[in-house]
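**Q**
Protein chains: 2
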Amino acid sequence: MIIHCITMASKERIARLKEETRINILDAALQIVKQEGWQALSLRKIADAIEYTAPIIYEYFANKEAILLELTRKGFLLLDRELQKAKAEHRSPAKQLEAMWLAYWNFAFDNKELYQVMFGVSTNCCCELVNQLPEAELPWDAFTPAIGELMKIEDLDSDVICTKYYTFWSVVHGLISINILGRNSSDDINRQVLRDAITGIIRSITP
Amino acid sequence: MIIHCITMASKERIARLKEETRINILDAALQIVKQEGWQALSLRKIADAIEYTAPIIYEYFANKEAILLELTRKGFLLLDRELQKAKAEHRSPAKQLEAMWLAYWNFAFDNKELYQVMFGVSTNCCCELVNQLPEAELPWDAFTPAIGELMKIEDLDSDVICTKYYTFWSVVHGLISINILGRNSSDDINRQVLRDAITGIIRSITP
DNA sequence: TATAATCATTTAACACTGTTAAGCAAATGT
DNA sequence: ACATTTGCTTAACAGTGTTAAATGATTATA
C-alpha cells in the first residue's frame, strides 16, 4: 500500500520530468532558430542542446514537423494574448482595431521566428497542418467582433466582415512579410504605411 | 585556315549546347517544383531529368542556391513584362495602376512557384542575395512613375511615393501570401478585397 | 599519324539531414 | 532472485548538397 503510494509519486515525478524535456525540446528548437535561422535547425542540434541523442526526440514528437507545428500553436496562443491585451485597453471598436493591429505588428517583430513558422514567411513547412490548427483561427475571433460592432453588423461570418478582415490582414501581413524578407524601407515609412492603411480602412468602414 | 574556321564553328556549337543544358537545368528545376513542390527539389532529381549525374550541375551553377536565384531573376523579368503590358493598355495613371496591380496579382497565381521563390513565401532561401538582384527593383520602376504622375510629384524617390508604393504592395502581396498559404477565403472575397483596396488607395491619392 | 593535353562526364566519397531498428543497461515488478 | 519493462544509445538507411579523383573521349601539337 505504502509502496504503491511511493511508486505513484515517483511516476508523477517522472511524468513531470518528461513534460520538462518536452518543453526543453521546444525551447532548444526556438533558441537555435533565433540564433542561426530556420535553415540551421536539425534534430541532432536540438538533441545536443538538451544533452540527449537525436532519436530520443521521437519519444516526445512524431517527427520534426510536429515540433514546428507545436511552436506555431504556441505562437498563435501568444499572439492571441497580445491581441486580447490590446483590445482590453480600449472601449470603442475603432480604437480596439487600431490597437490590435498594432499589437499584431509588434508581435511579428518581437517574435520574428514564431511569425515565420506561423505564416510560412521564408520557411517551408506544413501549411496544410497549420490550417487545421484550431488556434489558427484565434486572430479571426479576436478581430471580427470589433469589425462587426464598428460596422453594426451582427453576423460575424458575413461576406462584408470577411472582406474587411482580409483587407486589414493583407496589408498588415504583407507589410510584415516584405520587412522580414529584408525589402526594407525605413522604419518611418513602415510606421506611416501601417498607420495610414489601418486608419484608412477603419475610416472607410465607419458609418 | 579552313580548319580554324571549322573549329570556331564547332566551338560555337558546343557553346550553344552548353547554353542549352543550362536552360534545361532551369526548366527541369521549375518543372519538378511545379509537380512536387519546392521541398522536393534536389540536384539529383534535376540531374535525372536532364539525363546527367548530379555533379555536372556545378559546371553551370555555383550551387543549388544559384539555380534558385536565376529562377527568381527570370521571374522578375517575366513579371516586368506583364506589368509593362498592362501599363501600355492605358493612358491615365489611375487606370494604369489598377491594371498593373491586377497583372501583379495574376502573375502570382499563374506563376505560383516563381512568386514563392521571388518573395520567399513558404520557401527558405537567399533573401540577401535576391535583394541584391537588380531585377528585383523592376516592379518599383514600373509602378512609381504612375504613382508620381497621379500625385503630381516629380521626385519618384520621395517618401510620399515610397509610402504609397509600399501601401499598394503590402496589401497585394499580403493577400497573395495568405492565399498561397492556403488560408483561403473564397475567390469572390479575394477579388473584392483586391479591388476595394486598390481603388481605395488610388482614390486616396488622387488629388 | 602518334602522342600529349584538354575536356566532359562519372564514380566515390564526405559531412550532413530525418528517421527507424536493434541493443544495452538500469530501474521496476513479481 | 529473476523477469520485464523503461530510458537511452549506437548503428544503420536513404536521402541531401558538395567536392575530389578517376575515366574516357575529343582535341591540339609534334
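Residue numbers (the numbering used here), protein chains in the order written: chain A, 1 to 207; chain B, 1001 to 1207.
Each residue gets a CB set at the ideal place from its N, CA and C atoms; glycine is no exception.
Predicted, not measured: the structure shown is a model, and the values here were computed from it.
(1) Considering just the uninterrupted stretch of the alpha helix (DSSP H) at F109 of chain A, what are its terminal residues?
(2) Please report how far the alpha carbon of D1141 of chain B lies from the alpha carbon of I1023 of chain B, in whole angstroms.
(3) Under 8 Å by Cβ, that's how I've got F143 of chain A and Y165 of chain A pegged, so tell me the actual separation to the nearest angstrom.
(4) Looking at the C-beta of F1119 of chain B, does it have a partner C-beta in chain A at a distance below 8 Å?
(5) Hey, is Y166 of chain A's beta-carbon within less than 8 Å of any beta-carbon in chain B?
(6) What are the start and end residues of the alpha helix (DSSP H) that includes A1245 of chain B?
(7) Listing by chain order, which chain B residues have their CB less than 7 Å from the CB of H173 of chain A?
(8) When the Cα atoms are used, what is the spatial distance from C1125 of chain B to E1065 of chain B?
(9) What is the residue span of the alpha helix (DSSP H) that I1180 of chain B lies within?
(10) Along the alpha helix (DSSP H) that carries Q1084 of chain B, what are the first and last residues, could you check?
(11) Would you kindly report the start and end of the unbroken alpha helix (DSSP H) that includes P1134 of chain B?
(12) Measuring CB to CB, does L1097 of chain B end up less than 8 Å from I1161 of chain B?
(13) In chain order, what residues of the same chain lie with their CB nearer than 7 Å to the CB of I153 of chain A, ignoring the 5 residues before and after it?
(14) Do you know offhand how far L83 of chain A's Cα is from I176 of chain A's?
(15) How about I205 of chain A and M118 of chain A: are their beta carbons less than 8 Å apart?
(16) Please determine, among A:E137, A:G200 and A:R191, the residue with the shortest C-alpha to C-alpha distance to G75 of chain A.
(17) Which residues of chain A have a Cβ atom closer than 7 Å to the Cβ of Q1192 of chain B, listed in chain order?
(18) Could one say the Cβ of I205 of chain A lies closer than 8 Å to chain B's Cβ atoms, at least one of them?
(19) Do we get a CB-CB distance below 8 Å when we pair L1068 of chain B with the residues of chain A?
(20) Which residues in chain A sit within 7 Å of S1185 of chain B, going by Cβ to Cβ distance?
(21) Check for me: the alpha helix (DSSP H) holding A1215 of chain B runs from which residue to which?
(22) Return no unless some Cβ of chain B is closer than 8 Å to the Cβ of A197 of chain A.
(23) What's the gap between the Cα of E1135 of chain B and the Cα of G200 of chain A?
(24) Tell me the rounded alpha-carbon separation between L79 of chain A and A1088 of chain B.
(25) Which same chain residues end up closer than 6 Å to I67 of chain A when comparing Cβ atoms and leaving out the 5 residues on each side of it in sequence?
(26) Give the residues of chain A in contact with W1169 of chain B, contact being defined as C-beta atoms less than 8 Å apart.
(27) Measuring straight from C-alpha to C-alpha, what distance separates E51 of chain A and W1105 of chain B?
(28) Along the stretch 1062-1086 of chain B, where does the CB come closer than 7 Å to a CB of chain A? Name the residues.
(29) By how many angstroms is the C-alpha of V33 of chain A removed from the C-alpha of A1015 of chain B?
(30) Under a Cβ-count criterion, where at least 16 other Cβ atoms within 10 Å of its own Cβ denotes burial, should G1182 of chain B be classed as buried or exposed?
(31) Counting contacts by CB-CB distance shorter than 8 Å, is I3 of chain A in contact with chain B?
(32) Is Y58 of chain A helix, strand or coil by DSSP?
(33) My output table needs one value for Y1052 of chain B: the three-state DSSP class, helix, strand or coil.
**A** Straight from the coordinates:
(1) Numbered from its first residue, the first sequence carries residue 109 of chain A at position 109. P93 to D110 is the extent of the alpha helix (DSSP H) around F109 of chain A.
(2) Locating residue 1141 of chain B in the second sequence gives position 141, counting from the first residue. Locating residue 1023 of chain B in the second sequence gives position 23, counting from the first residue. If I take the Cα positions, the gap works out to 27 Å.
(3) The residue you call residue 143 of chain A lines up with position 143 of the first sequence. The residue you call residue 165 of chain A lines up with position 165 of the first sequence. Indeed, because the Cβ distance is near 6 Å, the residues count as touching under 8 Å.
(4) The residue given as residue 1119 of chain B occupies position 119 in the second sequence. Interface residue, yes.
(5) For the purposes of this step, residue 166 of chain A is identified with residue 166 of the first sequence, where counting begins at 1. By this cut-off, Y166 of chain A is an interface position.
(6) Since the first and last residues shown for chain B are 1001 and 1207, residue 1245 of chain B lies out of range.
(7) To locate residue 173 of chain A, count along the first sequence from 1; it is residue 173. G1174, S1177 and I1178, listed in chain order.
(8) Here residue 1125 of chain B corresponds to residue number 125 of the second sequence, with the count starting at 1. Here residue 1065 of chain B corresponds to residue number 65 of the second sequence, with the count starting at 1. Here C1125 of chain B scores only 49 on pLDDT, less than 50, and its place in the model should not be relied on; the value that follows carries that caveat. Cα to Cα, C1125 of chain B sits roughly 7 Å from E1065 of chain B.
(9) Translated into positions along the second sequence, residue 1180 of chain B becomes position 180. That run of the alpha helix (DSSP H) goes D1159 to I1180.
(10) Locating residue 1084 of chain B in the second sequence gives position 84, where the first residue counts as 1. Run containing Q1084 of chain B: K1064 to A1088, per the alpha helix (DSSP H) assignment.
(11) As a first step, residue 1134 of chain B must be located in the second sequence, where it is residue number 134. Careful: P1134 of chain B lies outside any alpha helix (DSSP H) and carries neither H nor E.
(12) The sequence position of residue 1097 of chain B within the second sequence is 97, counting from 1. The sequence position of residue 1161 of chain B within the second sequence is 161, counting from 1. No. Outside cutoff.
(13) Indexing the first sequence from 1 puts residue 153 of chain A at position 153. The residues are V160 and I161.
(14) Position 83 of the first sequence, counting from 1, holds the residue named residue 83 of chain A. Position 176 of the first sequence, counting from 1, holds the residue named residue 176 of chain A. Straight-line Cα distance between these residues: approximately 16 Å.
(15) Walking along the first sequence from the start, residue 205 of chain A turns up at place 205. Walking along the first sequence from the start, residue 118 of chain A turns up at place 118. Going by C-beta atoms, I205 of chain A is not nearer than 8 Å to M118 of chain A.
(16) For the purposes of this step, residue 75 of chain A is taken as residue 75 along the first sequence, with counting starting at 1. Residue A:E137 is the option with its Cα nearest to G75 of chain A.
(17) Taking the second sequence and counting its residues from 1, one reaches residue 1192 of chain B at position 192. Correct list: T163.
(18) Here residue 205 of chain A is taken as the residue at index 205 of the first sequence, counted from 1. No, its Cβ sits nowhere closer than 8 Å to a Cβ of chain B.
(19) Counting from one through the second sequence, the residue named residue 1068 of chain B turns up at place 68. No, because no Cβ of chain A sits closer than 8 Å to the Cβ of L1068 of chain B.
(20) By 1-based counting over the second sequence, the position of residue 1185 of chain B is 185. Result: C162 and Y166.
(21) Outside the shown range of chain B (1001 to 1207) lies residue 1215 of chain B, about which nothing can therefore be said.
(22) Here residue 197 of chain A refers to the residue found at position 197 of the first sequence. By this cut-off, A197 of chain A is an interface position.
(23) Within the second sequence, the letter at position 135 stands for residue 1135 of chain B. Within the first sequence, the letter at position 200 stands for residue 200 of chain A. So the alpha carbons of these two residues sit roughly 32 Å apart.
(24) To locate residue 79 of chain A, count along the first sequence from 1; it is residue 79. To locate residue 1088 of chain B, count along the second sequence from 1; it is residue 88. Distance between the alpha carbons of L79 of chain A and A1088 of chain B is about 44 Å.
(25) Taking the first residue of the first sequence as 1, we reach residue 67 of chain A at position 67. Closer than 6 Å at Cβ, skipping near neighbours: A29 and F61.
(26) Position 169 of the second sequence, counted from the first residue, corresponds to residue 1169 of chain B. G174 and I178, listed in chain order.
(27) Looking up residue 51 of chain A in the first sequence gives position 51. Looking up residue 1105 of chain B in the second sequence gives position 105. Looking at the two C-alpha atoms, the distance is approximately 48 Å.
(28) none
(29) Taking the first residue of the second sequence as position 1, residue 1015 of chain B is located at position 15. Taking the first residue of the first sequence as position 1, residue 33 of chain A is located at position 33. In a straight line, the C-alpha of A1015 of chain B is about 44 Å away from that of V33 of chain A.
(30) The residue given as residue 1182 of chain B occupies position 182 in the second sequence. It is exposed - the Cβ of G1182 of chain B has fewer than 16 other Cβ atoms within 10 Å.
(31) Position 3 of the first sequence holds residue 3 of chain A. Any reading at I3 of chain A needs caution, since the residue's pLDDT is 37, under 50, leaving its predicted position unreliable; the model's value is listed next. Not closer than 8 Å to any Cβ of chain B, the Cβ of I3 of chain A fails to qualify, so no.
(32) If you number the first sequence from 1, residue 58 of chain A lands on position 58. Y58 of chain A: helix per DSSP, three-state reduction.
(33) The count along the second sequence starts at 1 and reaches residue 1052 of chain B at position 52. Coil.
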